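Notes follow the structure.
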């Protein structure tokens, strides 16, 4: 059975990303402030972003970079990111956004996998960028460095300032927006190592316009704080590109800092926050928030990882601001589901219904058949979420279509997320299929136990994963074990937390133990890095 959301489908124009954002730019829109970096005070108008974009595209074309090529962008959030990203796209090449926390080998892997010929970076990231570029076979001049041009030239690199002095004359391109790759972000999909996701111009254009339909009730003021890294598809679509599309000012942060974050909101008075669950918990619980002026906020959108319903409610109550949860996946550009702004009756622990032009199914992972549709007032049995629409990726670069276990021949993206759906099409994430723990023939969702542990007043964050039992039980049976990060100054014992959770779950869900860690490993987008959990615990139980 296919499900759709409550909003009608929209027409997706057959245009490139550049044409959607900058085509027919009016004088009034060109004068609007596109980005303001609070730390440096540097700001750019939409017109200045377009001029810098055109200059970079011209420089790339003159350097022989164009359709079929790739360029890495390794920058913190800031004004330079705008032209770096869109200049590559305007040249006809594809951007591969690189996480600013990556080491040189990780950078080299991404540059090599995408066959990138150039990389744009920042002085603070130059050591790992240049080392990674060298390992990928690039030379010093292939590294473009923003900031001090003299220092860049002295090291043999290309100065961003010199690039931007290029007279704008971008190449004439004849490309098919539906098939031409604009962006190559990396994702592990449902399994395996990270790989380049091929997102077309149409994918990115469609998802912005689909997402925009949900936010239309906000009106014209959709200014936002951009602290989520642009290198992640969540921020790339909903912050960088969406802000440009709506001519809304973005207040950039190179990384999340609580004090600076609250100051930016108080001083610049943005309307929207796009956040991840750890920031939701900070806003809902931290004492400093009580004295901060957050009165400008109209909407808070949480994504990238499951938001605990009680935390969402606490946040909404504390700030008096509408809070919604959304869902996405890099392979889907990324947004597929968002709670409608006017549906305050929908549980904040759900991801809501689908956005326009998205179709989805809930499929039994064992049988491959759709689970039975639920009756009114009921929810379905769990199944894997499959999605399709104009935002679905073209595939993985270098991976044959018939070997791709995520995008099937009929265009369905198999998300690897286990969900339930109600009769209205409202979806709730149960867990990742590959992360489910099986004990005594029953499945245990780590996310459920993590959410409960995080409700303990001493717990700042928690991760749960299955450890194979060495004593008793069926062969290969796993026992859930918790890794807990305590709040600063808080105290709790392992036995206390184990007992506390045991009082709140069925017997088969009880923890085999708790181990305290300095910090639960998470990605820049807020997702738990589950592959790192076993090393923090050690062997066995």
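Numbering (this note's numbering), first residue to last: 1088 to 1628.
Each residue gets a CB set at the ideal place from its N, CA and C atoms; glycine is no exception.
Remember, it's a predicted structure, so these values are computed and weren't measured experimentally.
7 Å CB neighbourhood of residue i in its chain, flanking five on each side removed
| i | result |
| --- | --- |
| residue 1116 | 1133, 1334 |
| residue 1526 | 1564, 1565, 1566, 1595 |
| residue 1561 | A caution first: residue 1561 carries a pLDDT of 42, below 50, which makes its placement in the model unreliable, though a value can still be read off. The answer is none, since no qualifying residue turns up. |
| residue 1528 | For residue 1528, the predicted structure reports a pLDDT of 48, less than 50, and the residue's modelled location is therefore unreliable. The matter cannot be settled from this model. |
| residue 1101 | 1264 |
| residue 1304 | 1428, 1429 |
| residue 1522 | 1533, 1617 |
| residue 1302 | 1309 |
| residue 1048 | Nothing about residue 1048 can be reported from this structure: the residues present for the chain run from 1088 to 1628 only. |
Close beta carbons around residue i, own chain, < 6 Å, minus the five adjacent residues each side
| i | result |
| --- | --- |
| residue 1327 | 1317 |
| residue 1468 | 1458 |
| residue 1388 | 1361, 1411, 1413 |
| residue 1028 | Limits of the chain in this structure are 1088 at one end and 1628 at the other, which puts residue 1028 out of reach. |
| residue 1532 | 1517, 1518 |
| residue 1165 | 1124, 1339 |
| residue 1373 | none |
| residue 1096 | 1443, 1444 |
| residue 1244 | 1227, 1230, 1232 |
| residue 1094 | 1300, 1443 |
Anticipated Cβ contact below 8 Å, residue i with residue j, distance rounded
| i | j | result |
| --- | --- | --- |
| residue 1290 | residue 1478 | 5 Å |
| residue 1294 | residue 1422 | 6 Å |
| residue 1284 | residue 1193 | No, residue 1284 and residue 1193 are not in contact; Cβ-Cβ is about 16 Å, not under 8 Å. |
| residue 1363 | residue 1613 | 3 Å |
| residue 1286 | residue 1480 | 6 Å |
| residue 1505 | residue 1517 | 4 Å |
| residue 1573 | residue 1550 | About 13 Å separates the two Cβ atoms, so there is no contact after all. |
| residue 1254 | residue 1233 | In fact, because the Cβ distance is near 20 Å, the residues do not count as touching under 8 Å. |
| residue 1219 | residue 1195 | 4 Å |
| residue 1183 | residue 1108 | About 20 Å separates the two Cβ atoms, so there is no contact after all. |
| residue 1104 | residue 1292 | 6 Å |
| residue 1074 | residue 1384 | Here the chain comprises residues numbered 1088 to 1628, so residue 1074 is not present and cannot be evaluated. |
| residue 1082 | residue 1546 | Given that the chain is displayed from residue 1088 to residue 1628, the structure contains no residue 1082 and the question cannot be resolved. |
| residue 1203 | residue 1222 | So it is not a contact: roughly 12 Å between Cβ atoms. |
| residue 1121 | residue 1331 | 6 Å |
| residue 1162 | residue 1168 | 5 Å |
Residue i classed as buried or exposed, judged by whether at least 16 other C-beta atoms fall within 10 angstroms
| i | result |
| --- | --- |
| residue 1578 | exposed |
| residue 1543 | buried |
| residue 1136 | buried |
| residue 1440 | buried |
| residue 1249 | exposed |
| residue 1256 | exposed |
| residue 1235 | exposed |
| residue 1307 | exposed |
| residue 1152 | buried |
| residue 1188 | exposed |
| residue 1297 | buried |
| residue 1601 | buried |
| residue 1415 | buried |
| residue 1622 | exposed |
| residue 1635 | For the chain, the structure presents residues 1088 to 1628; residue 1635 sits outside this window and is missing. |
| residue 1404 | exposed |
| residue 1129 | exposed |
| residue 1463 | exposed |
| residue 1456 | exposed |
| residue 1485 | exposed |
| residue 1310 | buried |
| residue 1431 | exposed |
| residue 1344 | exposed |
| residue 1118 | exposed |
| residue 1157 | buried |
| residue 1420 | buried |
Chain-order list of residues whose beta-carbon lies under 8 Å from that of residue i (same chain, five-residue window excluded)
| i | result |
| --- | --- |
| residue 1559 | Bear in mind that a pLDDT of 43 at residue 1559, under 50, signals an unreliable position, so the number given afterwards is only what the model happens to contain. Around residue 1559: no qualifying Cβ. |
| residue 1154 | 1179, 1180, 1260, 1262, 1267 |
| residue 1616 | 1608, 1609, 1610 |
| residue 1498 | 1475, 1479 |
Interface flag, residue i vs chain B, CB-CB below 9 Å
| i | result |
| --- | --- |
| residue 1463 | Absent from the structure is chain B; it holds one protein chain and no more. |
- Query: Between the stretch 1165 to 1174 and the stretch 1136 to 1146, are three or more C-beta pairs nearer than 8 Å?
  - Reply: By the Cβ criterion, the stretch 1165 to 1174 is in contact with the stretch 1136 to 1146, since at least three pairs of Cβ atoms, one from each stretch, lie closer than 8 Å.
- Query: Counting Cβ pairs closer than 8 Å, one from the stretch 1396 to 1407 and one from the stretch 1341 to 1361, do we hit at least three?
  - Reply: Too few Cβ pairs lie closer than 8 Å, so no.
- Item | Any 3 or more C-beta pairs closer than 8 Å across the stretch 1332 to 1352 and the stretch 1122 to 1133 | With three or more CB-CB distances shorter than 8 Å, the stretch 1332 to 1352 counts as touching the stretch 1122 to 1133.
- Message: I'd like the ranges of any alpha helix (DSSP H) spanning at least 4 consecutive residues and lying wholly in the stretch 1436 to 1511.
- Response: Correct list: empty.
- Message: Using a Cβ distance threshold of 8 Å, determine whether the stretch 1441 to 1460 contacts the stretch 1382 to 1394, with at least three qualifying pairs required.
- Response: Contact between the stretch 1441 to 1460 and the stretch 1382 to 1394 is absent, because fewer than three Cβ pairs lie under 8 Å.
- Along the chain, which unbroken stretches of the alpha helix (DSSP H) at least 4 residues long are found entirely within the stretch 1169 to 1243? Scanning the stretch 1169 to 1243 from its first residue to its last, the whole alpha helix (DSSP H) runs of 4-plus residues come out as 1191 to 1201, 1213 to 1222, 1236 to 1241.
- Scan the stretch 1338 to 1418 and note each continuous beta strand (DSSP E) run of 3 residues or more that stays entirely inside, going in chain order. DSSP runs (the beta strand (DSSP E)) wholly in the stretch 1338 to 1418: 1359 to 1362, 1386 to 1389, 1409 to 1415.
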